[in-house]
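**Q** Residue numbers (my numbering): 1313 to 1408.
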Amino acid sequence: RMAAKVVGIEYVPEAIEDAHVNSEINGISNTLFLAGDMKDLLSHELFEKHGWPDLIITDPPRAGMHADVVQTILNAAPEKIVYVSCNAATQARDLN
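1) If you draw a straight line from the C-alpha of I1321 to the C-alpha of M1350, how long is it?
2) Which residues in the same chain as I1263 place their Cβ atom closer than 6 Å to its Cβ, once the five residues preceding and following it in sequence are excluded?
3) Which residue wins for smallest C-alpha separation from V1318, given the options I1337, P1365, H1356?
4) Determine the burial state of D1406: buried for a count of at least 16 other Cβ atoms within 10 Å of its Cβ, exposed for fewer.
5) Would you identify the three-state DSSP class for V1318, choosing helix, strand or coil?
6) Can you list, in chain order, the residues of its chain whose CB lies under 8 Å from that of N1387, leaving out five sequence neighbours each side?
7) According to DSSP, is I1393 part of a helix, a strand, or is it coil?
8) Output needed for L1354: all residues of its chain with C-beta closer than 8 Å, excluding positions within five of it in sequence on either side, in chain order.
Here is the structure:
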């Protein structure tokens, strides 16, 4: 309710279906959920169309984020980035 818009990108389509259901259950309508690879979906065009982020929360796979995704996030210049990681080595690589 404090965000103008929430955009979620998830590789697993079933997780996107769950996100839609949870938004509806909680009466939240300012959401957009996209199924697919962040490398393909996260882009300047996405930000132009749906708004530039103030906050990005990312929980990449164990292999870490694709270099293009890292660059796109940096180019978006959000006020905050929250990086959830299960692999310290790839997190360190992504943050360098």
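Quick reminder that beta carbons are idealized off the backbone N, C-alpha and C, glycines included.
**A** With the given structure in hand:
1) Your numbering for residue 1321 matches position 9 in the sequence shown. Your numbering for residue 1350 matches position 38 in the sequence shown. Looking at the backbone, the Cα of I1321 and that of M1350 are separated by about 7 Å.
2) There is no way to answer for residue 1263, as the model of the chain reaches only from 1313 to 1408.
3) Residue mapping note: residue 1318 aligns to position 6 of the sequence shown, counting from 1. Taking only the C-alpha atoms, the option nearest V1318 is P1365.
4) If you number the sequence shown from 1, residue 1406 lands on position 94. Buried: at least 16 other Cβ atoms inside 10 Å.
5) Taking the sequence shown and counting its residues from 1, the one referred to as residue 1318 is at position 6. DSSP, reduced to helix, strand and coil, places V1318 within a strand of the structure shown.
6) Numbered from 1 along the sequence shown, position 75 holds the residue referred to as residue 1387. Closer than 8 Å at Cβ, skipping near neighbours: H1356.
7) In the sequence shown, residue 1393 corresponds to position 81, counting from 1. Correct three-state label for I1393: strand.
8) What you label residue 1354 is simply residue 42 of the sequence shown in a count that begins at 1. Answer for L1354: I1321, V1381, T1384, I1385, listed in chain order.
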